[in-house]
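Q: Please find one structure pasted underneath; my questions will follow.
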Amino acid sequence: MAVRVQAEGFDPGAELSGFACGRTDVGAVVSFTGVVRDTDGGLDRMEIEHYPGMTERAIAAMVETATARWDLADCLVIHRHGAMMPGEQIMMVATAAPHRVAAFEAAEFLMDYLKSRAPFWKKEFGTDGSGWVESKDEDEDALSRWE
Amino acid sequence: MAVRVQAEGFDPGAELSGFACGRTDVGAVVSFTGVVRDTDGGLDRMEIEHYPGMTERAIAAMVETATARWDLADCLVIHRHGAMMPGEQIMMVATAAPHRVAAFEAAEFLMDYLKSRAPFWKKEFGTDGSGWVESKDEDEDALSRWE
Amino acid sequence: MLDVMYFAWVRERIGEPREQVETNAATVAELIEELRRREERYALAFSDLSALRVALDQELSDFDAPLDGVREVAFFPPMTGG
Amino acid sequence: MLDVMYFAWVRERIGEPREQVETNAATVAELIEELRRREERYALAFSDLSALRVALDQELSDFDAPLDGVREVAFFPPMTGG
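Residue numbers (our numbering), protein chains in the order written: chain A, 257 to 403; chain B, 257 to 403; chain C, 9 to 90; chain D, 9 to 90.
Written out as structure tokens, the structure reads:
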């Protein structure tokens with residue numbers, strides 16, 4: 257189990273290669289990577305603010321809940337803060353489990369909670385000015401699946 | 257969209273690094289890797305038989321269905337046949353989409369169909385002899401989610 | 009003339025991966041009946057149809073499907089990919 | 009003496025990321041009332057509580073939570089991680 261909150265970029269492929277490898281009790285590995293999206297071509301950069309200390313605590317609590325709920329062999333969460341360009345990775349979650357359903361569900365659980373319960377705030381800077389990304393009702397609703 | 261059916265091993269990390277990268281219309285990348293599991297320590301190797309020709313057709317049809325159903329920017333399926341050792345990768349699915357729900361659902365859809373509708377058969381060789389892996393009712397039931 | 013293929017334990021019970029079959033069977037079920045009557049190993053392989061799947065020209069099909077125009081028939085147990 | 013922190017647009021409206029606040033407020037709601045009365049920028053930042061979240065000592069909490077024993081209070085909009 258590892259949690260990293262960092263400003264530096266990372267390579268999801270390299271992270272996946274080193275994750276839960278050589279373990280014979282693992283049958284399924286799921287990874288999710290979040291990328292800075294710029295559908296309209298008007299985004300210059302994204303800046304992510306976070307709450308140092310609370311971020312690490314909140315993510316560690318999510319990982320602990322996931323580990324108690326699903327049979328997981330390993331779990332990795334990386335989340336960046338600071339400035340990043342379109343196409344760059346924002347964050348990554350990886351889960352390893354004996355069975356595929358546990359690996360998928362735990363990864364989705366962690367993603368849903370990271371979206372709405374980890375203290376990160378995204379601000380977009382583009383050709384039309386800047387603005388804070390607003391939270392979506394559907395992200396809040398997604399949490400009800402896990403109650 | 258790429259489908260590879262092969263005897264050779266592969267590196268999921270290297271595959272993920274080259275997948276859908278540098279695209280600014282992608283916000284979410286999900287990967288699933290299936291690994292030869294040996295919980296009891298009695299497995300020497302696994303051999304996967306397949307139906308050349310039908311395998312490629314069946315997987316291509318699944319990818320087509322997924323692409324029609326979800327807003328996907330890219331999709332990758334790799335599945336091995338032949339002999340492999342505990343800890344080795346059996347197969348991999350990767351999906352890239354603007355949004356996380358589509359990427360997750362399409363990856364799970366492809367996994368569920370690969371389990372029960374792609375012509376692969378697993379045989380385990382261990383200290384207690386050899387035997388064909390039996391299909392599970394729960395794998396068949398998983399398909400009903402997508403109907 | 010049909011190309012008939014066998015996979016996994018069906019192949020092991022029949023003893024070969026494929027063969028050419030001269031038949032006038034109208035459906036998969038009729039073909040299975042013909043094969044069953046041939047030899048014990050066929051009867052054994054086709055003893056429990058609920059444990060078998062069939063593909064016609066590389067598409068999953070049913071036991072009551074017609075063989076009209078079909079060139080390749082494959083019998084195998086439920087798949088265990090992924 | 010409380011450490012009060014602000015994030016995202018709350019920080020921008022208040023004009024600083026953190027400050028020390030001398031208060032006898034018993035709850036988060038009382039603290040917000042005190043801050044609101046101070047200056048226009050606070051009134052603006054706290055104008056719509058439905059758009060705000062609060063954490064006490066780095067744990068998400070509620071506006072009616074007591075401040076007894078709390079050292080660090082943080083105000084911010086709904087989170088947008090992931």
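We treat Cβ as the ideally placed atom computed from N, Cα and C, and that holds for glycine.
In this text, all values refer to a predicted model and were calculated from it rather than measured experimentally.
Are the CB atoms of leucine 370/B and glycine 90/C nearer to each other than 8 angstroms?
A: Their beta carbons are under 8 angstroms apart, which means leucine 370/B touches glycine 90/C by this criterion.
Q: Tell me which same chain residues have a C-beta within less than 7 angstroms of the C-beta of alanine 314/B, skipping the five on either side of it?
A: Hits under 7 angstroms: Arg373, Ala374, Pro375.
Q: Please determine, among Glu403/A, Trp402/A, Gly269/A, Arg401/A, the residue with the shortest C-alpha to C-alpha distance to isoleucine 334/A.
A: Gly269/A
Q: If contact means a Cβ-Cβ distance below 7 angstroms, which residues of the region 23–56 of chain D contact chain A?
A: So nothing in the stretch comes that close.
Q: Would a C-beta distance cut-off of 8 angstroms place phenylalanine 288/B and methionine 348/B closer than the cut-off?
A: yes
Q: Have a look at glutamine 28/D and phenylalanine 84/D and give me their C-alpha separation to the nearest angstrom.
A: Distance between the alpha carbons of glutamine 28/D and phenylalanine 84/D: 17 angstroms.
Q: Which of the three DSSP states is assigned to proline 74/C in this structure?
A: strand
Q: Let me check one thing: in DSSP terms, what residues is isoleucine 304/B bridge-paired to?
A: Gly338/B, Lys378/B
Q: Grab the span of the beta strand (DSSP E) containing aspartate 368/B for me, first residue to last.
A: Taken as a continuous stretch (DSSP letters only), aspartate 368/B belongs to no beta strand (DSSP E), being part of the alpha helix (DSSP H) at 356–373.
Q: Report all residues from its chain with a CB closer than 6 angstroms to the CB of alanine 363/B; omit the five preceding and five following residues, and keep chain order.
A: So the list reads Val286, Phe288, Val349, Thr351, once near-sequence residues are dropped.
Q: DSSP puts glutamine 28/C in a beta bridge; with which residues?
A: Asp11/C
Q: Just to confirm, are glutamate 305/B and phenylalanine 15/C a CB contact at a threshold of 8 angstroms?
A: Yes, the Cβ-Cβ distance between glutamate 305/B and phenylalanine 15/C is below 8 angstroms.
Q: Applying the criterion that 16 or more other CB atoms from any shown protein chain within 10 Å of the CB defines a buried residue, is arginine 61/D buried or exposed?
A: Counting Cβ neighbours within 10 Å, arginine 61/D comes out buried, since at least 16 surround it.
Q: So what's aspartate 294/B in DSSP terms, helix, strand or just coil?
A: In the three-state reduction of the DSSP assignment, aspartate 294/B falls in the coil class.
Q: Among residues of its own chain, excluding the 5 on either side of arginine 79/D, which ones have a beta-carbon nearer than 8 angstroms to its beta-carbon?
A: These residues qualify, in order along the chain: Leu10, Asp11, Asp65.
Q: What separation, rounded to the nearest whole angstrom, lies between the Cα atoms of serine 69/D and proline 354/A?
A: About 36 angstroms.
Q: Would the region 377–395 of chain B count as touching the region 313–327 of chain B if we require 3 or more Cβ pairs under 8 angstroms?
A: no
Q: Does the CB of arginine 336/A have a neighbour CB from chain B at under 8 angstroms?
A: no
Q: Using a Cβ cut-off of 7 angstroms, which residues of the region 362–377 of chain B contact any Cβ in chain C, in chain order?
A: Within the region 362–377 of chain B, the residues whose Cβ lies closer than 7 angstroms to some Cβ of chain C are Met367, Leu370, Lys371, Ser372, Arg373, Ala374, Pro375, Phe376, Trp377, listed in chain order.
Q: Does glycine 90/C get closer than 8 angstroms to chain B when you measure Cβ to Cβ?
A: Cβ-Cβ to chain B under 8 angstroms: yes for glycine 90/C.
Q: Return the CA-CA distance between valine 259/A and leucine 332/B, expressed in angstroms with no decimal places.
A: 28 angstroms
Q: Would you call lysine 392/A buried or exposed, if buried means 16 or more other Cβ atoms sit within 10 Å of its Cβ?
A: exposed
Q: Could you tell me whether any Cβ in chain D is nearer than 8 angstroms to the Cβ of methionine 302/A?
A: no
Q: Name, please, each residue of chain A whose Cβ falls closer than 7 angstroms to the Cβ of alanine 16/D.
A: Glu305, Trp377, Trp388
Q: Starting from serine 69/C, follow its DSSP beta bridges and name the residues at the other end.
A: Val62/C
Q: On the three-state DSSP scale, how would you describe tryptophan 326/B?
A: coil
Q: Check arginine 260/B in the structure and name its three-state DSSP category.
A: strand
Q: Using the C-alpha atoms, what's the distance from alanine 316/B back to aspartate 72/C?
A: Rounded to the nearest whole angstrom, the CA to CA distance from aspartate 72/C to alanine 316/B is 26 angstroms.
Q: Since alanine 63/C meets chain B, which of its residues come closer than 8 angstroms, beta carbon to beta carbon?
A: Tyr307, Met310, Pro375
Q: Please name the residues in the region 276–297 of chain B whose beta-carbon is closer than 9 angstroms to at least one beta-carbon of chain A, in chain order.
A: Ala276, Cys277, Gly278, Arg279, Thr280, Asp281, Val282, Gly283, Ala284, Val285, Val286, Ser287, Phe288, Thr289, Gly290, Val291, Val292, Arg293, Asp294, Thr295, Gly297
Q: Using a Cβ-Cβ distance cut-off of 8 angstroms, determine whether arginine 401/A contacts chain D.
A: So no, arginine 401/A is outside the interface.
Q: Taking the beta carbon of threonine 311/B as the centre, do at least 16 other beta carbons fall within 10 Å, making it buried, or is it exposed?
A: buried
Q: Within a Cβ cutoff of 7 angstroms, which residues of the same chain sit near leucine 328/A, ignoring the five residues on either side of it in sequence?
A: Ala322, Thr351, Ala352, Ala353, Ala358, Ala362
Q: Give me the Cα-Cα distance between methionine 257/A and aspartate 330/A, rounded to the nearest whole angstrom.
A: Methionine 257/A and aspartate 330/A: Cα-Cα distance of roughly 5 angstroms.
Q: Determine whether the beta carbon atoms of alanine 53/D and arginine 26/D lie at a separation below 8 angstroms.
A: Contact flag unset, no.
Q: Any idea what DSSP makes of methionine 348/A, helix, strand or coil?
A: strand
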